[in-house]
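Written out below as structure tokens is the structure these notes cover.
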Amino acid sequence: MDALEIARWQFGITTVYHFLMVPLTIGLGLTVAVMQTAWHRTGKEEYLRMTNFWGKLFLINFIMGVATGIVQEFQFGMAWSEYSRFVGDVFGAPLAMEALLAFFLESVLLGLWIFGWDRLPKRLHLATIWIASLASIFSAYFILVANSWMQHPVGTEIVDGRATMVDAWAVFTNNTALVTFPHTVFGAFAVAGGFLLGISWYHLHKRRQSGIDTVDASGKVVVGESATLGKNRDKVDYQVWIKSLRIGAVVAMVAFMGVALSGHAQAQLMIQQQPMKMAAAEAACHDGTGFSLLSVGDLRGGGATTCDDVVGVFEIPGLLSFLAHDNFTTEVKGVNTLLPEYQEKYGTHLPDNPIYGDRAGSEINYLPVMEVTYWGFRLMITLGGLSAVAAAVALWLTRKGTVPHSKWISRLAVLGILAPFGGNAAGWIFTEMGRQPFVVAPNPSFQGIDQVFMYTAAAVSPGVSAGEMLFSLISLTSIYAFLLVVEVVLLTRYVRGGIGSAMPDLDGHPDDQDEDTDVLSFAY
């Protein structure tokens, strides 16, 4: 067993799990704020119901995200102490800002929002959800500032073997962070849009199945009501779901366009800052202009781990050059060109230093795991594109006011909720694993022996054994698996409960229900 590899697995598993909650929190929070604003301005009951229902799902997801996010920062000291020593002087500022926004401002204002219904003035209560949702977006920026410094270190110099911040403005306005931030935020809204669309489709389909809503001869919806289910299946309930569905579809489509544009800018920076990552993402062994639609590993060579094993099947000429340089003729460097350059700049073997443990003096492999970068890049694009296409199809199919009666389309709509989640996860796995073998990638604009970078092999805690790391990995993965079950059960229960799960009085509860109990039923 290898402590470094186990530590990487642990951080990867917990990070990907945590990031399932983050985009939904960011996207759904601001969406709920807009819904409550619509209720505040129009007084229409459907917007109040939308705010309560989606707000309850937002809260479930938010608290799970907070609980799992705390573990991430503890890992810096427990499993990655050498990394923490190296970057601590740089990371202190952005992580402190994130903590102030996420753990203080967001939490306090969400508490006011939960317990402030009918207690705070309407405008003040509305302001709490707006500030909380905007704070979550800004807290994401500070996290991305820290991550972008790992991708492209700026504003620092090496002092006594540690990175020391000498220009805070450069760190906080890192061009990598400036393009990563909109890409991440648009990705979060893609998740929120798919979430609204899938759940709303499910409820509209239930109304069709039970015969509450029907269609006339022209195919237009005839909205009905259920006397037995009362307000939980009245005409206002229909308005909640059809408006949520169409809002979600529009959000998903706009988000995909934002993701595509910001992703294009991000790819161009990647060519400059981490050319090996882009070459691995394309399985581009030789300099060229074509974008690979399909490359496979030659099974006779043992898999696509080196350029000797890669077989190109189909590519689009000129497209890679357009992504990188906005023209169709400038060649992009391939792996075979870049490897000698990396070896000349950074060496062929790890230094003979105790910090590297058993890896000291071993040969450095500058090529990331090509299967992960290649397919992760394509999975990210494919799942994002499918989400946008599904949103466009949903707008077309619901143009007459309701969803088709087909149960298979309904199941696909619900299953489609997972696509933007998968796209976000694939994007982050590609981003982080494509940076290897560096935990802090070198900035190619820096020159000289004081260049700021760190190999992943030097970052792990030296006093932690492989057995301890394995115990930690199994424990955390088991706990997170349990928490995942809890989240899915809670979300599923309240989704199936419909509006009544967030507004119990719609399910026949007494109108004179104790006010405090009613607030707690919304919160918990």
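Just so you know, the sequence shown maps onto residues 898 to 1421 in this note's numbering.
Even glycine gets a Cβ: it sits at the ideal position worked out from N, Cα and C.
Do residue i and residue j have their CB atoms nearer than 8 Å?
| i | j | result |
| --- | --- | --- |
| Ile1055 | Val1392 | no |
| Val1088 | Pro920 | yes |
| Leu1276 | Ala1316 | no |
| Met918 | Met961 | yes |
| Gly1185 | Glu1241 | no |
| Thr1299 | Asp1110 | yes |
| Ala1310 | Ala1146 | no |
| Ala1399 | Asn949 | yes |
| Ala1152 | Phe1083 | yes |
| Gly1155 | Pro1079 | yes |
| Glu845 | Val1361 | The structure shown does not extend to residue 845, since the chain is modelled only from 898 through 1421, so no value can be given for it. |
| Ala1060 | Val984 | yes |
| Ala1323 | Leu1280 | yes |
| Thr1025 | Leu1006 | yes |
| Gln969 | Thr922 | no |
| Gly1254 | Pro1359 | yes |
| Arg1256 | Ala1354 | yes |
| Ala1285 | Met1173 | no |
In whole angstroms, what separates the C-alpha of residue i from that of residue j?
| i | j | result |
| --- | --- | --- |
| Gly1121 | Gln1136 | 11 Å |
| His1049 | Gly1394 | 47 Å |
| Ser1342 | Leu1235 | 16 Å |
| Val1148 | Asn1250 | 52 Å |
| Met1175 | Leu1216 | 13 Å |
| Ala904 | His1302 | 49 Å |
| Phe1035 | His1022 | 20 Å |
| Ala1201 | Ala1157 | Reliability fails at Ala1201, whose pLDDT of 47 lies under 50, so the model's placement of it is uncertain and the value that follows must be treated cautiously. Using only the alpha carbons, I get a separation of about 28 Å. |
| Leu1142 | Arg1105 | 15 Å |
| Gly1013 | Met932 | 17 Å |
| His1406 | Gly1313 | Its pLDDT being 48, under 50, His1406 is placed unreliably by the model, and the measurement read from it follows with that caveat. Each residue's Cα considered, the two are about 34 Å apart. |
| Trp936 | Tyr944 | 5 Å |
| Gly1258 | Ile1011 | 57 Å |
| Gly926 | Pro991 | 22 Å |
| Leu1373 | Leu1380 | 10 Å |
| Gln1410 | Ile957 | Residue confidence is low: Gln1410 scores 47 on pLDDT, short of 50, so the model does not pin down where it sits. No coordinate-derived value is stated. |
| Asp1057 | Arg982 | 11 Å |
| Ile857 | Thr1245 | The displayed coordinates of the chain run from 898 to 1421. Any statement about residue 857 would go beyond what the structure contains. |
| Ile1396 | Thr928 | 17 Å |
| Leu1367 | Gln907 | 9 Å |
| Thr1081 | Val1068 | 18 Å |
| Ala1032 | Ile1376 | 28 Å |
| Gly924 | Asp1064 | 32 Å |
| Trp951 | Gly1320 | 22 Å |
Along the beta strand (DSSP E) that carries residue i, what are the first and last residues, could you check?
| i | result |
| --- | --- |
| Met1062 | 1059–1062 |
| Val1056 | 1053–1056 |
| Val1337 | 1335–1337 |
Smallest Cα separation from residue i: which of the options?
| i | options | result |
| --- | --- | --- |
| Asn1233 | Tyr1253, Gln907, Ala1177, Glu1268 | Ala1177 |
| Met1267 | Arg1308, Glu1179, Pro1214, Gly1254 | Glu1179 |
| Leu1041 | Ile1026, Ser1123, Glu1329, Ile1096 | Glu1329 |
| Thr1075 | Ala990, Phe1219, Gly1091, Ala1162 | For the sequence presented, residue 1075 should be read as Leu rather than Thr. Ranking the options by Cα distance to Leu1075, first place goes to Ala1162. |
| Ile1139 | Asn1072, Glu1384, Trp906, Arg946 | Arg946 |
| Ala1029 | Phe955, Ala1067, Val913 | Phe955 |
| Leu1264 | Pro1401, Leu1381, His915, Arg1332 | Arg1332 |
| Ser1004 | Val963, Asn1072, Phe1327 | Val963 |
| Phe916 | Trp1325, Asp1223, Asp1113, Phe971 | Trp1325 |
| Gly1052 | Ala1032, Asn1340, Arg1296 | Asn1340 |
| Gly909 | Thr939, Trp977, Asp1223, Leu1101 | Trp977 |
| Trp1046 | Phe988, Phe973, Phe1086 | Phe988 |
| Thr939 | Lys1019, Val968, Glu1384, Pro1248 | Lys1019 |
| Arg1308 | Arg1390, Gly1095, Ala1288 | Gly1095 |
| Tyr1099 | Ile1306, Leu1387, Gly1320, Pro1214 | Ile1306 |
| Met994 | Asp1113, Ala1043, Gly1008 | Ala1043 |
| Met898 | Ala930, Ala1363, Asn1321, Thr1077 | Ala1363 |
| Thr1125 | Ala1114, Gly1116, Val1112, Ser1107 | Ser1107 |
| Ser1123 | Ala1114, Gly1116, Lys1103 | Lys1103 |
| Leu901 | Phe1274, Asp1131, Ile1252, Pro1401 | Ile1252 |
| Gly1116 | Ala1287, Thr1295, Asn1224 | Thr1295 |
Output the boundary residues of the alpha helix (DSSP H) element that contains residue i.
| i | result |
| --- | --- |
| Phe1225 | Per DSSP, Phe1225 belongs to no alpha helix (DSSP H) and is neither H nor E. |
| Ala1114 | Careful: Ala1114 lies outside any alpha helix (DSSP H) and carries neither H nor E. |
| Ile1040 | 1019–1048 |
| Val1382 | 1363–1394 |
| Arg1296 | Premise fails: Arg1296 is in no alpha helix (DSSP H) and is neither H nor E. |
| Asn1072 | 1072–1106 |
| Gln907 | 900–939 |
| Ala1065 | 1065–1069 |
Which complete alpha helix (DSSP H) runs does the stretch 1128–1193 hold, if anything under 4 residues is left out? Counting whole runs of 4 or more residues, the stretch 1128–1193 contains the alpha helix (DSSP H) stretches 1132–1170, 1172–1179.
Any alpha helix (DSSP H) of 4 or more consecutive residues that is wholly inside the stretch 958–1017: The DSSP assignment places 978–996, 1004–1012 as complete runs of the alpha helix (DSSP H) inside the stretch 958–1017, in order along the chain (cut-off: 4 residues).
Secondary structure, alpha helix (DSSP H): runs of 4+ residues fully inside the stretch 1298–1324: Contiguous alpha helix (DSSP H) elements confined to the stretch 1298–1324 occur at 1304–1312, taking only those with 4 or more residues.
Ignoring anything shorter than 4 residues, give me the alpha helix (DSSP H) runs that lie fully in the stretch 1239–1294, in order along the chain. For secondary structure counted as the alpha helix (DSSP H) over 4 or more consecutive residues, the stretch 1239–1294 holds these complete runs in sequence order: 1267–1294.
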